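Scroll down for the structure; my scribbles are underneath it.
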Amino acid sequence: MTGGNGAGSTPTRVEDRGTSWLDASGSDHEIVLSTRVRLARNLQGYVFSVRAGAEDRLGILDRVRGALAATGRLEEGGVLWEMADLEPVDRRLLHERHIVSRELIGPDDGTPPVGAALAITSSGPCGLMINEEDHLRLQSLRNGMELEAAWGEVSALDEALGRELPFAFHHEFGFLTCCPTNVGTGLRASVLLHLPGLVLTKEISKVLQGISQVGLTYRGLYGEGSDIVGNFFQISNQTTLGKSESDLVDHLREIVGQVVEYEKRARAVLLREAPNVLEDKVWRAYGILRHARSLSFDETMNLLSGVRLGLTLKLLRTPRVRTLNEIMIFAQSAHLERRAGRTLDEGDADVYRASLVRERLAAESGDGSSPGEPRPDADKSTR
Amino acid sequence: MLCERCQERTAEVHLTTIENDEMATVHLCAKCAEGQGISFTAAASAPLADFLAQISGGAEELPQGVRGEPCPYCGNSSDDFRRTGRLGCPECYAHFEGQLRGLLRRIHGSTQHVGRLYLGAGTGAEDRHTKLRSLRLRLDRAVELEDFEAAAELRDQIHLLEGSER
Ligand SMILES: [Zn+2]
Ligand SMILES: [Zn+2]
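Residue numbers (our numbering), protein chains in the order written: chain W, 597 to 979; chain A, 502 to 667.
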């Protein structure tokens, strides 16, 4: 995270939280942007959120807050934010960082659901949404391919909270969820992959078909029903019942490992068969991002995909992968509005986006075209 | 935005490709995307309600509840469920149990949970005897349902626990 806060102080402002998963620290982080594991849990004795009135929802929030406090997970930088207490732009900010769902924050121009809250625990990047579709959605979001670590964290939080709260559990069906597609383990593990090589070599359809045939599913960057932009694909387990948590996680890891191998092979093929075309694409993408004065979000994502590919193929030396990750998140509308300090219409946002991208790339450019800027490889991290 | 291929339906899939050395984004409707082997609707956005609509031909598979009555605890009816794909409360699972089983089998290929056990708040996770009893109950159930994969998994768990007892 931003190391700039005073020693010992942990950021409690919304804009400082939920970005640690962008730090390009995880395994295979050039291809695997992030790993997420979530567990759905509900409390016995309450109706599910969809049917719950304000009193129930606030009662649930209170119980969960108490349970979190009892486990000590709100100490030392742990936070619990009720969505209704946050500024609308901050709610959107959290959504753009992929740590709260659309369902939790409600419509952009409306109020969030009663009792909807996000907790981020003191230990690591783990947290939970409260009063989402299920009463609790425990989640861990990490950089790179880190399924074991993410599962380990969520699992520990689940055990701790399960001692404090009466989870709805059925001897045959397992953990009970509002939607029967989540029942059993309540576990959804997903990995966000950047697969330009498979897209460019037209192998992607085959791979995605294969994925669907082995009990996994895929979608775009922004969760259920979302578009596929920037060659990002999110792969996750389709079923939650009849297999143990570790089997579900192992299976996903195995298949994703294969997809990563296919992607590497496809990139090697591209580099061998069409090096000039590829190099041109990459530099054009970089050039546009570096100099454009107006960029739509989709265009930005697609160009970033080209630059990311160029980096991993060593056709480009800068920027860092981490910077690309950050641009992906910070170039979204709520982030731009935070930066601008006002609401932006689409045209304004495109101009602000282009300026943000130029600034971030210039700060790391190694081509000497921006006088006064840091020299190549001026990597801030000490090695 | 309209689908570039059929110019009829709304484009839902936006995919970046290289055609003739040109990087381009194609905008396709779900159906045309499917024609290209990208089964977007099935994989990406199938809410359970759509799924239920698709299989509602086999109406006996849908939760009817005990004598067709709504859940006594939350009032959720089988119509509510069909419309939303959501259950109303934990008790709905018991109320709609018989009919849910068929649905769960279709969705998950199984009805028997074999993952983490939950013994209730306030219990330590180490109550081995309770755990074993519950595992054996679930094993009986899995065998009864001829869910052999689940049964094998449960047997492994039981052996593991029994082993740690000695
Ligand atoms: Zn079409
Ligand atoms: Zn009910």
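We put the beta carbon where it would ideally sit given N, CA and C, even for glycine. Here the structure is a predicted model, which means the values were calculated and not measured.
{"Check": "If we define contact as Cβ-Cβ less than 8 Å, is G621 (chain A) a contact residue for chain W?", "Outcome": "yes"}
{"Check": "Let me know the beta strand (DSSP E) ranges lying completely inside the stretch 616 to 684 of chain W, each 3 residues or longer, listed in chain order.", "Outcome": "628 to 637 and 675 to 678"}
{"Check": "Using a threshold of 7 Å, is the CB atom of Y882 (chain W) nearer than that to any non-hydrogen atom of ligand 2?", "Outcome": "no"}
{"Check": "Pull out every residue of the stretch 761 to 786 of chain W whose Cβ sits closer than 9 Å to any Cβ of chain A, in chain order.", "Outcome": "L761, P762, F763, A764, F765, H766, H767, E768, F769, G770, F771, L772, T773, C774, C775, P776, T777, V779, G780, T781, G782 and L783"}
{"Check": "Could you check whether the Cβ of N638 (chain W) sits closer than 7 Å to any heavy atom belonging to ligand 2?", "Outcome": "no"}
{"Check": "Name the chain W residues that come within less than 8 Å of P573 (chain A), Cβ to Cβ?", "Outcome": "In chain order: nothing, as chain W lies at least about 12 Å away."}
{"Check": "Taking 8 Å as the threshold (C-beta atoms), are R607 (chain A) and C774 (chain W) in contact?", "Outcome": "no"}
{"Check": "Could you pull out every residue in the same chain whose Cβ sits closer than 7 Å to the Cβ of T693 (chain W), ignoring the five residues on either side in sequence?", "Outcome": "Checking the sequence shown, residue 693 (chain W) turns out to be Arg, not Thr. These residues qualify, in order along the chain: G614, T615 and I925."}
{"Check": "Taking only beta-carbon positions, decide if A651 (chain A) is within less than 8 Å of chain W.", "Outcome": "yes"}
{"Check": "Can you tell me which of the three DSSP states A653 (chain A) falls into?", "Outcome": "helix"}
{"Check": "Can you tell me which of W:H767, W:G782, W:G943 and W:H766 puts its alpha carbon nearest to the alpha carbon of S751 (chain W)?", "Outcome": "W:G782"}
{"Check": "Cβ closer than 9 Å: which chain A residues qualify as neighbours of T835 (chain W)?", "Outcome": "I608, H609, G610 and S611"}
{"Check": "For L885 (chain W), tell me which candidate among W:L952, W:E672 and W:P709 has the shortest Cα-Cα distance.", "Outcome": "W:L952"}
{"Check": "Does ligand 2 have a heavy atom nearer than 7 Å to the CB of N577 (chain A)?", "Outcome": "yes"}
{"Check": "Is it buried or exposed, K802 (chain W), if we count other Cβ atoms within 10 angstroms and call 16 or more buried?", "Outcome": "exposed"}
{"Check": "Any heavy atom of ligand 2 closer than 7 Å to the CB of H596 (chain A)?", "Outcome": "yes"}
{"Check": "Identify, in the order they occur along the chain, each residue of the same chain with its Cβ nearer than 7 Å to the Cβ of A651 (chain A), setting aside the five sequence neighbours on each side.", "Outcome": "S611, Q613, V615 and A643"}
{"Check": "In or out: E729 (chain W) buried (at least 16 other Cβ within 10 Å) or exposed?", "Outcome": "buried"}
{"Check": "Strictly under 8 Å for the Cβ-Cβ distance: is L601 (chain A) near chain W by that measure?", "Outcome": "yes"}
{"Check": "Pair every Cβ in the stretch 728 to 743 of chain W with every Cβ in the stretch 618 to 637 of chain W, then say whether three or more of these pairs are closer than 8 Å.", "Outcome": "yes"}
{"Check": "Could you name the residues of chain W that E654 (chain A) contacts, counting a contact when the two beta carbons are closer than 9 Å?", "Outcome": "G838, K839, S840 and D843"}
{"Check": "Take D546 (chain W) and list the residues in its own chain whose beta-carbon comes closer than 6 Å to its own, dropping the five residues that flank it on each side.", "Outcome": "Given that chain W is displayed from residue 597 to residue 979, the structure contains no residue 546 (chain W) and the question cannot be resolved."}
{"Check": "I'd like the span of the beta strand (DSSP E) that includes I800 (chain W), first residue to last.", "Outcome": "Taken as a continuous stretch (DSSP letters only), I800 (chain W) belongs to no beta strand (DSSP E), being part of the alpha helix (DSSP H) at I800 to Q809."}
{"Check": "Look at the alpha carbon of E755 (chain W) and the alpha carbon of R609 (chain W), and state the distance between them as a whole number of angstroms.", "Outcome": "28 Å"}
{"Check": "I'd like to confirm something about C774 (chain W): is its beta-carbon nearer than 7 Å to some heavy atom of ligand 2, or not?", "Outcome": "no"}
{"Check": "What is the DSSP secondary structure of R916 (chain W), counted as helix, strand or coil?", "Outcome": "coil"}
{"Check": "To the nearest angstrom, report how far apart E942 (chain W) and A512 (chain A) are at their CA atoms.", "Outcome": "20 Å"}
{"Check": "Does the Cβ-Cβ distance between M725 (chain W) and L757 (chain W) come in under 8 Å?", "Outcome": "no"}
{"Check": "Cβ of D619 (chain W) within 8 Å of Cβ of R918 (chain W)?", "Outcome": "yes"}
{"Check": "Using 7 Å as the cut-off, classify the Cβ of E592 (chain A) as near or not near the heavy atoms of ligand 2, replying yes or no.", "Outcome": "yes"}
{"Check": "May I have the straight-line CA-CA distance separating L734 (chain W) from C507 (chain A), to the nearest angstrom?", "Outcome": "42 Å"}
{"Check": "If Q830 (chain W) sits next to L788 (chain W), beta carbons under 8 Å apart, how far is it from one beta carbon to the other, in whole angstroms?", "Outcome": "5 Å"}
{"Check": "Which two residues bound the contiguous beta strand (DSSP E) that contains M725 (chain W)?", "Outcome": "C722 to I726"}
{"Check": "Starting from Q830 (chain W), trace the beta strand (DSSP E) in both directions and tell me its first and last residue.", "Outcome": "F828 to N833"}
{"Check": "Any chance the stretch 673 to 681 of chain W sits against the stretch 888 to 906 of chain W, with 3 or more Cβ pairs inside 8 Å?", "Outcome": "no"}
{"Check": "Report the residue from W:T667, W:P684 and W:G883 whose alpha carbon sits nearest the alpha carbon of G937 (chain W).", "Outcome": "W:P684"}
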